[in-house]
Amino acid sequence: MVGEIQDRDHPSQSTLLLRRRFGYRLARLATQWRREIDHDLRPFDLTDATWRPLYYLRVLPSPVRQTDLARSMLVEAQSLVRLLDTLERQGLVRRDVDPDDRRSKLVSLTEAGAEMGETVLSVADDVAARFLEGVSDEALEGCQAVFNQVWSGLEQKARSSGDGAPSVAEDER
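3 is the number of the first residue of the sequence shown in this note's numbering; add one for each residue after it.
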């Protein structure tokens with residue numbers, strides 16, 4: 003707006019509203035996207051809680067330290083332990099002691115887990131195709147640029163505050 007002073011600490015009213023709408027729509031879209039994946043994975047007896055570790059284990063280099071998996075998924079380590087216990091009982095993942103750090107566990111997909119991981123990726127790809135039908139590659143690349151910029155800011159803030167920096171698999175960027 004003309005005449006308004008805008009800086010990082012005092013954004014204009016229109017900037018505040020734009021940011022609020024962006025955050026609201028992004029959160030709603032993410033929720034709907036996950037619900038759609040959940041719906042499509044019901045026939046495989048997978049829930050949001052169980053398909054997400056399979057997804058991340060499929061896209062991250064294997065094996066993955068359990069703490070790194072929790073960080074990538076943005077979940078607490080204790081919550082992930084319970085999920086991995088379930089997936090291990092189902093024969094989808096295995097945990098081994100990290101030979102470089104005996105306090106750490108390395109998580110990997112079993113053969114059955116790799117097959118289920120492929121199913122999860124396929125369903126996620128199908129949902130993406132439905133949600134993004136009619137959206138150009140150019141528009142998606144612009145959106146990715148915004149996400150990368152936001153994520154970089156989060157990582158920088160986490161590093162400067164001493165908190166664990168959020169992490170994202172490179173192929174998710």
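Using N, Cα and C, we set each Cβ at its ideal position, and we do this for glycine too. Given the structure is predicted, the values throughout are model-derived calculations rather than measurements.
| query | result |
| --- | --- |
| Please state the DSSP three-state secondary structure of valine 137. | coil |
| With a CB to CB cut of under 6 Å and the five nearest residues on each side skipped, what residues in its chain are close to leucine 43? | Trp53, Val125 |
| Taking 7 Å as the cut-off, decide whether the C-beta atoms of leucine 111 and valine 129 are in contact. | no |
| With DSSP run on the structure shown, which of helix, strand or coil describes glycine 93? | coil |
| Could you please give the first and the last residue of the uninterrupted alpha helix (DSSP H) stretch that includes leucine 28? | 15-43 |
| Could you tell me whether the segment 61-68 touches the segment 142-157, using the rule of 3 or more Cβ pairs below 8 Å? | no |
| One question on the structure: do arginine 36 and aspartate 50 come within less than 7 Å of each other, judged by their Cβ atoms? | yes |
| Determine, using beta carbons only, whether valine 122 and tyrosine 57 come nearer to each other than 7 Å. | yes |
| With a 10 Å radius around its C-beta and 16 neighbouring C-beta atoms as the bar for buried, classify glycine 144 as buried or exposed. | exposed |
| Excluding the five sequence neighbours on either side, which residues of its own chain have a C-beta within less than 7 Å of the C-beta of glutamate 172, listed in chain order? | Annotation note: pLDDT 44 at glutamate 172 (below 50); position unreliable, coordinate value reported separately. Answer for glutamate 172: no residue qualifies. |
| Check each candidate in Ser106, Leu20, Gln92 and name the one with the smallest Cα separation from aspartate 98. | Ser106 |
| If you measure between the beta carbons of arginine 60 and glycine 155, is that distance less than 7 Å? | no |
| Mapping DSSP to helix, strand and coil, what is aspartate 98? | strand |
| Assign leucine 142 to buried or exposed, taking buried as 16 or more other Cβ atoms, counted over all protein chains shown, within 10 Å of its Cβ. | exposed |
| For proline 55 versus leucine 85, is the C-beta distance shorter than 7 Å? | yes |
| For glutamine 15 and alanine 29, what's the separation of their Cα atoms in angstroms? | 21 Å |
| What does the Cβ neighbour count give for threonine 17, buried or exposed, with the cut at 16 atoms within 10 Å? | exposed |
| Skipping 5 residues on each side, what residues in its chain have a beta carbon closer than 6 Å to that of leucine 82? | Ala72 |
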